[in-house]
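Residue numbers (the working numbering): 843 to 1293.
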Ligand SMILES: [Zn+2]
Ligand SMILES: [Zn+2]
């Protein structure tokens, strides 16, 4: 197909014409001049485009037969175009010029300046483990405005953004220097060339590690629980520790991972959580630990498992760990709401429990819909509302006259203690009402959260 019309005419006649006008008004380096025509031709760098144009301009400005466009020669010299400088000195031309910085990039694309940026970046990423990277940049808005105004003024329609060129030129050099891969899709690190503060900013993608834990003892919360009185600052009530519990599952698991990855922080995402006085046994509870700013990504997870299980021996046990991603965090959050859980509850009632009644209870609670209003004990941190959850199956085993071991399989998010006590009528139906008894104590274990 033949390219016709206005666009074609402009390209044919005006690459040289417009470049002459531009350079007579603004001093542009090779790259910045070439970039205004970036969509023309392929397999060329903008610097090559700029040099080609300036080469033709030099031919236009000087001929051995005596033709001279001194103004054009002057601006070519001012833009640092080497053949022009050589020519002026070789022929001893009386052209007064002063070398000026590039109007758009302030000489960013000059090789020695690029080298300096690359050195800065290599220093920053030294000893950081990564396979993929992406480059971004921050520029003064006035710079972007200058380029836009220039394009409007000279009706330039074939340019690309200076940001694109910076990112590409820096990216190519980082590739060459490190052998790492440039990737647009979730790179391990994002290198931001910040021209506004003349520095390199690094964003490291968090490291996500999936695992399952068992909680072997009662009395440890999943998360750090700050003293409600001082909120962590330390007071008389908490003995200056700032905390209600000195230990937590999240710390037992996350701190060794954070240390191995040389991160600066962590976030622990559990697939739900058990109460402080509830154990989690069986296949354990899924979780994801998110490590912030990891300097290491290829950590030996088996070694970390070993270390956690030694340091938390008898309290917390990690069953497995594997590398994961951000999606899994959302997945296990949802999991906590919908997946089935099995509990073992040892319940002591105020009077003898009839075996017959227990049989009836097993029948009655098979696939039973439970209406549960937010338990009083969590009202201070959860909104007061009614949830509908299902009990799938109950097995009751009488241990002594007044003590029963229940195995309860139910939907995630059901408060099991309240299923047993009734929570003063807030959970309906419930075991206590059904048996006509009062639960005096409950010892609860989670027997694993299904994945
Ligand atoms: Zn420039
Ligand atoms: Zn306190």
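All C-beta atoms in this analysis are idealised placements derived from N, C-alpha and C, irrespective of residue type, glycine included.
Since the model is a prediction, treat every value here as computed from it, not as a measurement.
Inset, instruction - Classify residue 1137 as helix, strand or coil using the three-state DSSP reduction. - result: coil
Legend entry - Pair within 8 Å by beta-carbon distance, residue 1246 and residue 1116: no
Inset, instruction - Determine the direct distance from the alpha carbon of residue 1271 to that of residue 1259, and round the result to whole angstroms. - result: 13 Å
Inset, instruction - State whether the segment 997 to 1009 contacts the segment 1168 to 1177, with contact taken as three or more CB pairs (one from each stretch) at a distance under 8 Å. - result: no
Inset, instruction - Could you give the DSSP three-state label for residue 1216: helix, strand or coil? - result: coil
Legend entry - Euclidean distance between Cα positions of residue 1141 and residue 1075: 34 Å
Inset, instruction - Measure the C-alpha to C-alpha separation of residue 1202 and residue 1248 and round it to an integer number of angstroms. - result: 13 Å
Legend entry - Own chain, CB closer than 6 Å to residue 1041, minus 5 neighbours either side, in chain order: none
Legend entry - Coil, strand or helix - residue 939 by DSSP: coil
Legend entry - Inter-stretch contact (C-beta, 8 Å, three-pair minimum) for the segment 974 to 986 and the segment 1066 to 1085: no
Legend entry - Residues near residue 1112 in its chain [Cβ-Cβ closer than 7 Å; skip 5 each side]: 1064, 1127 and 1129
Inset, instruction - Please name the residue in 1037, 966 and 1184 whose C-alpha comes closest to that of residue 1031. - result: 966
Inset, instruction - For residue 904, I'd like the list of residues in its chain whose CB is within less than 7 Å of its CB, leaving aside the five on either flank, ordered along the chain. - result: 910, 915 and 929
Legend entry - Best match in 924, 1048 and 922 for proximity to residue 1108 [C-alpha to C-alpha]: 1048
Inset, instruction - Quick one: using the 10 Å Cβ neighbour count with 16 as the cut-off for buried, is residue 1029 buried or exposed? - result: buried
Inset, instruction - Would you kindly report the start and end of the unbroken alpha helix (DSSP H) that includes residue 1260? - result: 1258 to 1263
Inset, instruction - Reducing DSSP to helix, strand and coil, say where residue 1187 ends up. - result: strand
Inset, instruction - Say yes only if the C-beta of residue 1264 is nearer than 7 Å to one or more non-hydrogen atoms of ligand 2, and no if none qualify. - result: no
Inset, instruction - Assuming residue 1104 and residue 1138 form a contact by the criterion Cβ under 8 Å, report the distance between their Cβ atoms to the nearest whole angstrom. - result: 5 Å
Inset, instruction - Pull up the DSSP beta-bridge partners for residue 1036, would you. - result: 980 and 1041
Inset, instruction - Measure the Cβ-Cβ separation of residue 1022 and residue 974 and say whether it is below 8 Å. - result: yes
Inset, instruction - Spatial neighbours of residue 941 within its chain, please: CB distance less than 7 Å, with the 5 preceding and 5 following residues excluded, ordered by chain position. - result: 920 and 922
Inset, instruction - Within 10 angstroms of the Cβ of residue 1211, are there 16 or more other Cβ atoms? Answer buried if so, exposed if not. - result: exposed
Inset, instruction - Use the C-beta contact count for residue 1257: other C-beta atoms within 10 angstroms, 16 or more gives buried, fewer gives exposed. - result: buried
Legend entry - Alpha carbon of residue 963 to alpha carbon of residue 890, nearest angstrom: 25 Å
Inset, instruction - Quick one: grab the DSSP three-state call for residue 1000. - result: coil
Inset, instruction - Mind checking which residues open and close the alpha helix (DSSP H) that includes residue 958? - result: 953 to 967
Inset, instruction - Confirm, please, whether the CB-CB distance from residue 1099 to residue 1051 is below 8 Å. - result: yes
Inset, instruction - Just list the alpha helix (DSSP H) runs in the segment 1105 to 1181, keeping only unbroken ones of 4 residues or longer that don't cross its boundaries, in chain order. - result: 1143 to 1153 and 1168 to 1180
Legend entry - C-alpha gap between residue 1243 and residue 1277, whole angstroms: 14 Å
Legend entry - Contact set for residue 1044: own chain, Cβ-Cβ below 8 Å, skip 5 residues either direction: 966, 967, 970, 1031, 1032, 1033 and 1034
Legend entry - Beta-carbon proximity check, residue 1254 vs residue 1178, cutoff 8 Å: yes
Legend entry - residue 1195, DSSP secondary structure in three states: coil
Legend entry - Pairwise C-alpha distance: residue 1279 and residue 1193: 7 Å
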